[in-house]
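Quick note: the sequence shown, position 200, residue 200 per my numbering, numbers continuous.
All residues carry an ideal CB built from backbone N, CA and C; glycine is no exception.
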Amino acid sequence: MSLNEYKQQIRAFYDARTSYDNDFTYRRALPLIELAQLQSGQQILDLATGTAIIAIAAAEIVGSQGQVIGVDFSPGMLAQARRKIAAARLQNLELREADVETITFEDQSFDSIFCATAIVLLGDIPAAFRNWYRWLKPGGILAFSCWSMTSFFTPIIIKVCAKYGFELPNLHEPLGSKEKCYTLLQEVGFQDIEIQTEQFGSYLSLEDAQNFWQGLWLSANGHPLLHLSTEQIEQLKAQFRADIATLATDKGVWQEKTTFFVTGKKL
Numbered sequence: 001m002s003l004n005e006y007k008q009q010i011r012a013f014y015d016a017r018t019s020y021d022n023d024f025t026y027r028r029a030l031p032l033i034e035l036a037q038l039q040s041g042q043q044i045l046d047l048a049t050g051t052a053i054i055a056i057a058a059a060e061i062v063g064s065q066g067q068v069i070g071v072d073f074s075p076g077m078l079a080q081a082r083r084k085i086a087a088a089r090l091q092n093l094e095l096r097e098a099d100v101e102t103i104t105f106e107d108q109s110f111d112s113i114f115c116a117t118a119i120v121l122l123g124d125i126p127a128a129f130r131n132w133y134r135w136l137k138p139g140g141i142l143a144f145s146c147w148s149m150t151s152f153f154t155p156i157i158i159k160v161c162a163k164y165g166f167e168l169p170n171l172h173e174p175l176g177s178k179e180k181c182y183t184l185l186q187e188v189g190f191q192d193i194e195i196q197t198e199q200f201g202s203y204l205s206l207e208d209a210q211n212f213w214q215g216l217w218l219s220a221n222g223h224p225l226l227h228l229s230t231e232q233i234e235q236l237k238a239q240f241r242a243d244i245a246t247l248a249t250d251k252g253v254w255q256e257k258t259t260f261f262v263t264g265k266k267l
C-alpha cells in the first residue's frame, strides 16, 4: 500500500491514538447503525473503520448469515479493533488494511456502507461517493457522519493563520452544512436523503480550550503549516490561545461539535 505524504500524516495521527475509544467516540458513531436499519444476513462495509465500533455493532446485528468488512489504513487502529473482535468472538467480521480511496469491490456487493466522520479526510469526496454508490445493492443505504464548518474552533484557527499570512483550508467545508451533504449525495444519484443534526458541544476549561490546537492541520489539498519552523508554529499557537481567552465565560469556553448524521438510498 503506497501512501502520499498527506495520508502518511493521517495514518501517523491515528496510529498514535491508543486511547481512541471513549464515550464520545461511541456516541458519534453508533447512531448510524440505527439509521441504516440493518437486518440479519446483510452484507456490510465499514470504511475508515478505526477500532471497528460500527463494524462490531453491525456484525452483531447481521449475525452468522451476514458479513461485515472493515477497511482502514492505520495499523494502530486495526490492532485495537482485532483485540475487540476477538473479545466479542465474532466470526463474521473481516478487517482489511487498505486505503479506502483505492480499495475496490464488485458492483452491488453491499446492503449498507458506513463511514463515520472520516469522509472529509478523503482527497476526492465525489469520486468516493460514486464508488460507494456502485458497490451498493439496489435499495442499499449509505450512512455517514461529518462535522459542521464551525466545529472544533475551526473558524478561530483559520482566522489566526490568516493574520500571519497563511490561508488555511477549512477541513470540514466540503460537507460542513446540511445543504452541502444533500447536494453531494443527490448529484451522485442517491435518493431518500435524510440528515439529522446533533450537538455534542460542551464547555471546556480555559486551559483545555487554549491547548486544543497544537499547530496540526489535515487537508488533502495541502496546507502552508506543514513545513513551518517550531518558532512559527509557536507564534500561531500563542495567537490562538489569546483569541480563545476572549471567549471565556463563567461556564468556560464553548466548543461547538455539530454533527450531521446522513443517509442516502440507492434505488
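Partner residues in a beta bridge of residue 154, as assigned by DSSP, do not exist. Cα atoms of residue 43 and residue 200: separation of roughly 30 Å, rounded to the nearest angstrom. If the five residues before and after residue 237 are omitted, its C-beta is found closer than 6 Å to the C-beta atoms of 215, all from its own chain and listed in chain order. For residue 69, the enclosing beta strand (DSSP E) covers residues 67 to 72. Under DSSP, no beta-bridge partner is assigned to residue 166. Ranking 240, 178, 193 and 184 by CA distance to the CA of residue 208 puts 240 first. Counting only residues of its own chain and dropping the five nearest sequence neighbours on each side, residue 74 has a CB closer than 6 Å to the CB of 11, 14 and 15. Residue 251 is not a Cβ neighbour of residue 152, given a cutoff of 8 Å.
Straight across, the Cα-Cα distance linking residue 27 with residue 53 is about 10 Å. If the five residues before and after residue 157 are omitted, its C-beta is found closer than 8 Å to the C-beta atoms of 168, 213, 217 and 240, all from its own chain and listed in chain order. A contact between stretches requires three or more CB pairs, one per stretch, nearer than 8 Å, and the stretch 118 to 138 meets this requirement with the stretch 186 to 203. Pairing residue 143 with residue 118, the inter-Cα distance amounts to about 12 Å. Secondary-structure assignment with DSSP links residue 46 through a beta bridge to 70 and 114.
In this structure, the CA atom of residue 96 is about 21 Å from the CA atom of residue 137. Check the Cα spacing between residue 146 and each of 263, 1 and 6: the tightest is with 263.
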